[in-house]
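Residue numbers (my numbering): 193 to 345. Accompanying notes for the structure given below.
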Amino acid sequence: MAFEFEWINEHPTKEVSIELQDQLARCISALSDKFEDNTGEFSIMIVDEQRIHEMNLEYRGKDQPTDVISFALNDNIEETGEDEQLAYYLGDVVICLDIAEKQAHEYGHSLHRELCFLAVHGLLHLLGYDHETEVEEKEMFDLQEEVLQEQGL
């Protein structure tokens, strides 16, 4: 089994192509292959810069837009009894398409690569990875790059 995700586009003026959505699914599948326990669902929500700015301020206290925010549902859920269905749902990854486009241009790579990087990065946060220390950052970023390279991105 592999991680499953729901695609939610809340960007008011832009769509993400089916081709790019398929590429994201392949990246998520490649990441899933790296984990023995790879069951779980999450959502990937695409928003504009204004919306992610509002979310970053409301939920993180940061008055600026950002490229990706992860909302892990399982941080405080015990995986027993009636919470079993909730434990299966990992959370939400919110990606700002506007910032992803800017970053792809700045870094000199494709929007496909940038969105896959952000989706994998966000999912790793849902799985408990972080980059607060150099060791954590290296582990997380090495895994991200491995997945992207496997996908030719």
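Virtual Cβ for every residue (Gly too), placed ideally from N, Cα, C. Bear in mind that the values here come from a model prediction, so they are computed numbers and not experimental data.
Just mark H304 as buried or exposed, buried being the case when its beta carbon has 16 or more other beta carbons within 10 Å.
Its Cβ being crowded by 16 or more others within 10 Å, H304 is buried.
Which same chain residues, not among the five before or five after E306, have their C-beta less than 6 Å away from its C-beta?
A292, Q295, A296
Please report the Cβ distance between A264 and L282, rounded to the nearest whole angstrom; I am assuming they are in contact, meaning their Cβ atoms lie under 8 Å.
Going by Cβ atoms, the distance from A264 to L282 rounds to 7 Å, so yes, they are a contact pair.
Under three-state DSSP, which class holds V339?
helix
Pick helix, strand or coil for L278, following the three-state DSSP scheme.
For L278, the predicted model reports a pLDDT of 48, less than 50, meaning its position is unreliable and no value from the coordinates is stated.
Three-state secondary structure (DSSP) of S302:
coil
Figure out for me which residue from E233, P257, L316 has the closest Cα to the Cα of L369.
Shown here, the chain extends from 193 to 345; a query on residue 369 therefore has no answer.
Taking contact to mean 3 or more Cβ pairs, one atom from each stretch, closer than 8 Å, check whether the stretch 216-228 and the stretch 246-260 are in contact.
no
Could you tell me the alpha carbon to alpha carbon distance between E198 and D214, rounded to whole angstroms?
12 Å
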